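Here is the structure we will look at.
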Amino acid sequence: MKQVELNEQDIKKLFKSETPSARFLRAIQKITKNLIYFGCLYLIFFYIINFSAINKQLAFWLNPPKFEPVVVNNPDPTPNLSDPDPEPLPNYSPRIQIPRVAIDAPIVMNVTAPRVVPELSKGVAHLYDSALPDQRGNTVIFGHSSNYTWSRGSYKSVFTLLTKLKAGDQIILPYKSQKYVYEVTGTKVISPYDLSVLKKTDDPILTLITCYPLGTSQKRWVVIAKLVNGEQTGVQPNDPLLSEVPTPR
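Residue numbering for the sequence shown follows this note's numbering, beginning at 5 and increasing consecutively.
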């Protein structure tokens, strides 16, 4: 019987030979490794472009703002003609204040739909043709939940915590001589093409809208609140005429 001689290369090949199942397992391991690698890259990139919003979410989770319900005593907007020395009425710049989530931002008033996104660099945007705070109807306000790190303005994540609001939470709109106080009645997620939240209403309500989920514009997160304090002297004249809900992101 002839003796078979194995050299070093033959021995290496012998031990390196793989069964089909071993090759399949190695391929799965390689794919898993690549998925983990690209997943980590995606998370890093997502954090970089949304770090302001993510940091707010983390800060709220670790240390929720401490607050108490605000008691507002509005002056009578009708002057008392018998008072020889009436106190001057305040004249507030339009703002939105939400104690539960520590929001305090200026409102850019009467913004048309094409201008919503550009104006959000200055604060939040009140939609043109929706009710003014001193009008009975539906007051619609948009704000960013997140925006790119390199975008202009200081309000890139002003509405990122709207998802934390609960029924009964206060929303305050200082406007002209009054502080209009609203209480949250509900929240919902809608399609960008659901215009029902923009419609004129008989009762005075406030509708806050931002993009959802965080970092996307796939849906809209909507907060609806009812007026509980504040004197209204007018009525919303028109419905906003839009084909879709603006994209504040």
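Positions of the beta carbon are idealized from the N, C-alpha and C atoms, including for glycine.
All of these numbers come straight from a predicted model, not from anything done at the bench.
Say whether chain B places a C-beta atom closer than 9 Å to the C-beta of D133. Although the question refers to chain B, the structure presented lacks it and comprises just one protein chain.
Along the chain, which unbroken stretches of the alpha helix (DSSP H) at least 4 residues long are found entirely within the stretch 45-109? Within the stretch 45-109, the complete alpha helix (DSSP H) runs of at least 4 residues are 55-66.
Between N242 and N77, what straight-line distance do the alpha-carbon atoms span, to the nearest angstrom? 30 Å
Could you name the residues of the same chain whose beta carbon sits closer than 6 Å to that of S125, not counting the 5 residues immediately before and after it, in chain order? R156 and G157
Residue closest to F71, alpha-carbon to alpha-carbon, out of N95, G190, R104 and N233: R104
For K160 and V193, which I take to be in contact (beta-carbon distance under 8 Å), what is that distance rounded to the nearest angstrom? About 21 Å separates the beta carbons of K160 and V193, which is beyond the 8 Å limit, so they are not a contact pair.
Determine which residues share a DSSP beta bridge with R224 and list them. Looking at the DSSP assignment, R224 forms a beta bridge with I194 and C215.
Determine the extent of the alpha helix (DSSP H) in which V128 is found, giving its start and end residues. Where V128 is concerned, there is no enclosing alpha helix (DSSP H), although the beta strand (DSSP E) it sits in stretches over V128 to L131.
Would you call G219 buried or exposed, if buried means 16 or more other Cβ atoms sit within 10 Å of its Cβ? buried
For a test of the three-state rule: what should DSSP assign to Y159, helix, strand or coil? Looking at Y159 - three-state DSSP - the assignment turns out to be coil, as it is neither helix nor strand.
Nearest-angstrom Cα separation, counted from T164 out to E318: Summary: the structure shown does not reach residue 318, with the chain confined to residues 5 through 253, and so no result is reported for it.
If you compare alpha carbons, which of K37, P79, A63 and A31 is closest to E235? Selected option, being the one with the closest Cα: P79.
Decide if the stretch 35-48 is in contact with the stretch 144-154; the criterion is three or more beta carbon pairs, one per stretch, under 8 Å apart. Remark: fewer than three beta-carbon pairs, one from each stretch, lie closer than 8 Å, so the stretch 35-48 and the stretch 144-154 are not flagged as touching.
Span of the alpha helix (DSSP H) around P122: V120 to E123
In or out: W225 buried (at least 16 other Cβ within 10 Å) or exposed? buried
Can you give the Cα-Cα distance for P122 and A129, rounded to whole angstroms? Going from the Cα of P122 to the Cα of A129 covers about 10 Å.
Nearest-angstrom beta carbon gap, Y152 and I53 [assumed within contact, 8 Å]: 5 Å
So, at 7 Å on beta carbons, what are the nonlocal neighbours of V115 in its own chain, with the 5 sequence-adjacent residues on each side left out? E123, A129, H130, L131 and Y132
Under 8 Å by Cβ, that's how I've got G141 and V239 pegged, so tell me the actual separation to the nearest angstrom. 6 Å
For T214, count neighbouring Cβ atoms within 10 angstroms of its own Cβ and tell me buried if that reaches 16, exposed if not. buried
Going by beta-carbon coordinates alone, are V120 and P250 separated by less than 9 Å? yes
Please work out which residues of its chain come closer than 7 Å, Cβ to Cβ, to A57, disregarding the five sequence neighbours upstream and downstream, and give them in chain order. S149, S150, S161, T164 and L218
What residues in its chain sit with their C-beta under 8 Å from that of T167, if we drop five residues either side in the sequence? T191, Y216 and W225
In DSSP terms, what V112 is bridged to: A129
Identify which residue in K230, R99 and P196 has its Cα closest to the Cα of K183. R99
Cβ-based neighbour list, S97, same chain, cut-off 8 Å, excluding 5 preceding and 5 following: Cβ within range, chain order: P110 and P178.
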